Structures are given as C-alpha cells and as structure tokens.
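K.L.:
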Amino acid sequence: MRRSEDTAAGKKTRSDVSPFVKLLRNLVIFLFIVVFVSVFYNMRNKERTTEVALMSEAVASKTFRSVFIREEEVISRSGDGLLSYSVPDGGKLGKGSVIAKSYPEDEQLSTNAEIERLERRLSILRKIQNPGTLESAQPAGLSAGINESFRKLLYDRDKKDYSAISGEMDDLLVLMSTYKIITNETEGYTQEITDIKNKLAELGRDSVLPTEIITADHPAYFVSYSDGYESELTPESLSTVTAQQLRQVEDRKLQDPSIVGKLINGYSWHVAGILDNSRHEFAVGESVMLRFESSADTYNAVITDIRDDGDPAESVFIIESSEFNSDLVQHRAESAELIKDYYRGLKVPRDAIRFAEKTVEEIDPETGKTDSVTAERKGVYTLKGDKIEFKLLDVIYEGPDYVLSEVHEESDAYVALYDDILMEGVDKEYAGKELQP
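The opening position of the sequence shown corresponds to residue 230 in the numbering used here, with each subsequent residue numbered one higher.
#1: Just to confirm the assignment, what range does the beta strand (DSSP E) spanning residue 570 have?
#2: Per DSSP, what kind of secondary structure is residue 635 in: helix, strand or coil?
#3: Would you call the stretch 292-300 and the stretch 415-426 touching, i.e. three or more CB-CB distances under 8 Å?
#4: Just to confirm, are residue 452 and residue 462 a CB contact at a threshold of 9 Å?
#5: CB residue 497 to CB residue 550, shorter than 9 Å?
#6: Is there contact between the stretch 323-331 and the stretch 433-444, where contact requires at least three CB pairs shorter than 8 Å?
#7: Just to check my reading of the structure: residue 558 and residue 318 have Cβ atoms closer than 8 Å, yes? What is that Cβ distance to the nearest angstrom?
#8: Return the residue from the list 631, 346, 601, 495 that minimises the CA-CA distance to residue 554.
#9: Does the distance from the C-beta atom of residue 632 to that of residue 576 stay below 9 Å?
#10: By alpha-carbon positions, which one of 649, 358, 301 ends up nearest to residue 411?
#11: Pop quiz: residue 722 and residue 548 are said to be a contact at Cβ under 8 Å. What is the actual Cβ separation, rounded to whole angstroms?
#12: Taking the continuous alpha helix (DSSP H) assigned at residue 433, which residues delimit it?
#13: Who pairs with residue 450 in a beta bridge, going by DSSP?
#14: Among residues of its own chain, excluding the 5 on either side of residue 507, which ones have a beta-carbon nearer than 7 Å to its beta-carbon?
#15: By a C-beta neighbour count over all protein chains shown, 10 Å radius and 16 as the cutoff for buried, is residue 493 buried or exposed?
#16: Alpha carbon to alpha carbon, how far is residue 379 from residue 353?
#17: Could you tell me the alpha carbon to alpha carbon distance between residue 330 and residue 342, rounded to whole angstroms?
#18: Is the stretch 523-543 touching the stretch 485-492, taking contact as three or more C-beta pairs under 8 Å?
#19: Run the CB neighbour count on residue 369, radius 10 Å, all protein chains shown included, and call it buried at 16 or more, exposed below.
#20: Across the stretch 469-488 and the stretch 510-521, are there enough close Cβ pairs to call them in contact, namely three or more that are closer than 8 Å?
#21: Have a look at 282, 486, 476, 449 and flag the residue whose alpha-carbon is nearest the alpha-carbon of residue 299.
#22: Expressed to the nearest angstrom, what Euclidean distance is found between the alpha-carbon atoms of residue 272 and residue 638?
#23: Report yes or no: do the stretch 300-307 and the stretch 634-653 share at least 3 C-beta pairs separated by less than 8 Å?
#24: Could you please give the first and the last residue of the uninterrupted alpha helix (DSSP H) stretch that includes residue 476?
#25: Take residue 579 and list the residues in its own chain whose beta-carbon comes closer than 7 Å to its own, dropping the five residues that flank it on each side.
#26: Below 9 Å between beta carbons: does that hold for residue 351 and residue 333?
#27: Could you give the distance in angstroms between the alpha-carbon of residue 355 and the alpha-carbon of residue 545?
#28: Leaving out five residues on either side along the sequence, give the residues of the same chain with a beta carbon under 8 Å from the beta carbon of residue 622.
#29: Residues in the same chain with beta-carbon distance under 6 Å from residue 382, minus the five sequence neighbours each way, listed in chain order, please.
#30: With H, G and I counted as helix, E and B as strand and the rest as coil, what does DSSP make of residue 252?
#31: Could you work out which residue in 539, 348, 322, 613 is closest to residue 421 when comparing CA atoms only?
#32: Please classify residue 535: is it buried, with 16 or more other beta-carbons within 10 angstroms of its beta-carbon, or exposed?
#33: Judging by CA-CA distance, which residue of 374, 306, 416 is the nearest neighbour of residue 440?
#34: Where does residue 510 fall in DSSP's three states?
#35: Roughly how many angstroms separate the alpha carbons of residue 615 and residue 259, rounded to a whole number?
#36: Would a C-beta distance cut-off of 9 Å place residue 416 and residue 480 closer than the cut-off?
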C-alpha cells in the first residue's frame, strides 16, 4: 500500500516539473540561436574583399608592319639545272666560298647529300678511333666533358645558333663513343669505317661533276631567294622612303630559275614602318627593342629617324640594329613589335587606388635636408590582421585596369609584396585602427 502511494506521488511530481523543464529548454535553444545569428552577422560584417599584391611584368610597346632594308646583291647563274646549296639561309660566306653547285639531274642531289652524310660520319669515327685519343682518355674526364658538351648544346639551342649546334653534337658523339670503348661497352668502329669507305667509293664512281659552281666574291651573308626589292629598298633610300612606298611592299619570293639568291653585305640592317607618334612617345636616338612575328628573340635597336608629312599619327620610323641571325632573312615585310621598355613591379587594381593624407620623409633638392612633408597622396588601403593601413604607391606603369608600383623594400610606407589590398571603400578615420564589428 505504501509503495502505491509513493509511485503516485512520483508521477505527480514529474508532471508538475515537466512544463518548467520544457520552458527552460526552449529558452536555452532560443538563446543559442540568437548568439549564433549574432556571431554569423558580425563575421559577415568583418569580411573584406581583398587582392594580394604580387609581382608582375608589363611591356610598353607598339605593333607595326615592318619592312626590312639592307644592302643586298642578287646572285644569278648562267646555265640551267638543279641547284645544290652549300650554305643555309643566313649562313656566313667568306671570299671564294662555294654558294651552290648546279647539276643536270636531280638524282645527283640525293647522291651528294648521302656523300656529305657519310663523310661527316667517317670524320667522327676517325676521331674516336684515333690511338692518341684512346690512350689519353679517362672515364672521369670523359664524363665531365660529356656534361660540359651537353650544357653547351643547350646554350646554343636557346640562342638558336644552329651552326654551333651541329658542331656540339659531333663533339658529344665523339666523347660518348670514346667512353663506350674505354669502358668495354663496345670493341670499336673499325668495321664501320671500312664499310663507309667502300660506300663512298661506290658513290664516287656514280657521281656527276657539276655544270656550274657559284662562289662569293666577297664576305657576306647568304639568302636563297630574291624578292625584287634589292635595288629599290637600299640604305640610300632610308632618307626618302615614304609611307605610301612602305604600304606597297609585298612579302614575296620571285620564281626565277636563273636566280641563285642574294648576298647581304654587313651585319647592320634597318627596318622601316608606319607608327602613331602623335603623343611623342618615341624620339630619334632612343634605344628600343624589336620582336618579329617569325622569331622568338628580341633585338636591340636604335631609332635613327622619325618623320611625317604633317600627320604624326602616320610617322615613318627608321630603326637600325646590328644583331643578326637566320630568322631575320626569311621575310621582306612582317608584323613586328617596337618595345620601348619592360616594367616589373607590384600589380595593383585601379579600383583599389585611393587618396589620403600621408606624411613621408622627402629630401629638399636645394638644401639636401630631409623634411617630413604631409600631403594628399596616391595609395591603397591594406588589411594587416585586424588593422587597416594606408600605403603609398610609386606607379611605374599604367595598364588598362591596373598599375605597377615600384618595390620599396627599405620603407614600410609603400605597398609591399603579399600585402592584402582592400578593394572596397574605406573611411579615412579607420586607417591604423582595428576593424569594428
């Protein structure tokens, strides 16, 4: 009986407490939601759109249609037949050097190419088999030589010095083959030398003498085509060539079987082009760089003349350079880029630029003394931790939607690498203070 009464009392107590517990639980949940929403709202308010200041490069340049003007001499031949050239385009010739040989049949051209290939191979094998080379060779020295030759090969490749690449490949082959012999990886190349000699003798019996040999009568560079402008676009025409003449120049190659090619005298050359210089961005005597569509290289040059017929927007530029390679002889006219300068600095979006009063140390040019000067200055607001700072810009280049700022590692007053640049508006009174929710 006693137990039934206790049970009834317990049920009554739990029934009385349950509404209070529910209320307390709901209140805790409500407060938790309020706190969460408040924290989330404050975090959203503290968010700022920023961009990191990173190093970037820019080029101040103009694109134009360039026309090459060089001292050139057309080389012709008297007879017919097929030409076998002894020098590539852009190759350098000495006085008396063979430019090309003329043969009556095309079969002889392939025979000559095979003879040239075998003679080159034979020369390499003889170097390898030379007793003096084998006696003095040591594995360590050969290994070092192979590494050095490989580095030279990469260097020549980057410079596009193709004539040097051929020689470096031969030297590398000699070193690697010699290494194989002294390390007993191969017994030698005596049998291959004998086979090549026999093959050369066989080809020699079937060879035909050239009907004509064309040689150079003075040192020059060679190009295997003519475009018909050699007597018109000369160094003497530089002072008189007009914009109308330049527009009419075509990039062409004449199909005349009597023309062997042409000689280019000297390594100095010019390009002429029509550019807009109404803002006087370029001046005579200014050092510039040229980059052509057919070449990945840039060439140092100097502007030697700028003239116009009353319209600076169509100025005739004459530009001279003394840097020469085979890429420069492939065209008479092609698209080019006239580069005024390269710029490297911190890239800053234009939308982030602001103006604010800033005190900086400046040197008086007259007295040489350093004074603190406060003035309205161009800069950006940066976010560092929970603080906003105004930092100066030293603009060295202006792009369409950004600027490049000079790096001032010695001063904290200027924007620095990896600074977080604020993109949104910032009130001046916040500079140097902690962000508030």
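Glycine is no exception: its CB is placed at the ideal position from the N, C-alpha and C atoms.
Values in this document were obtained by computation on a predicted structure and should not be read as measured data.
P.N.:
With the given structure in hand:
#1: For residue 570, the enclosing beta strand (DSSP E) stretches over residues 562-578.
#2: coil
#3: no
#4: Inclusion of residue 452 and residue 462 in the CB contact set at 9 Å is not warranted, their separation being larger than that value.
#5: yes
#6: yes
#7: 6 Å
#8: The shortest C-alpha separation from residue 554 is found at 495.
#9: Yes, Cβ-Cβ distance for residue 632 and residue 576 is below 9 Å.
#10: Taking only the C-alpha atoms, the option nearest residue 411 is 358.
#11: Nothing about residue 722 can be read from this structure; the chain reaches only from 230 to 666.
#12: 419-435
#13: 321, 493
#14: Counting only Cβ-Cβ distances below 7 Å, and skipping sequence neighbours, we find 541, 542.
#15: buried
#16: 17 Å
#17: 12 Å
#18: Contact annotation: the stretch 523-543 does not touch the stretch 485-492, with fewer than three C-beta pairs closer than 8 Å.
#19: exposed
#20: In short, these stretches do not touch, since the Cβ pair count stays below three.
#21: 449
#22: The predicted model places residue 272 with a pLDDT of 49, which falls under 50 and marks its position as unreliable; any figure quoted below should be read in that light. The alpha-carbon of residue 272 is positioned some 33 Å away from that of residue 638.
#23: no
#24: From DSSP, the alpha helix (DSSP H) with residue 476 extends over 472-477.
#25: 630, 631, 632.
#26: Residue 333 sits away from residue 351, with the two beta carbons spaced by 9 Å or more.
#27: A direct Cα-to-Cα measurement between residue 355 and residue 545 gives close to 57 Å.
#28: 577, 582, 607, 608, 609, 632, 634, 643, 644
#29: The answer, listed in chain order, is 397.
#30: helix
#31: 348
#32: With 16 or more other Cβ atoms within 10 Å, it is buried.
#33: The option with the nearest alpha carbon to residue 440 is 306.
#34: Coil, per DSSP.
#35: 31 Å
#36: No, Cβ-Cβ distance for residue 416 and residue 480 is not below 9 Å.
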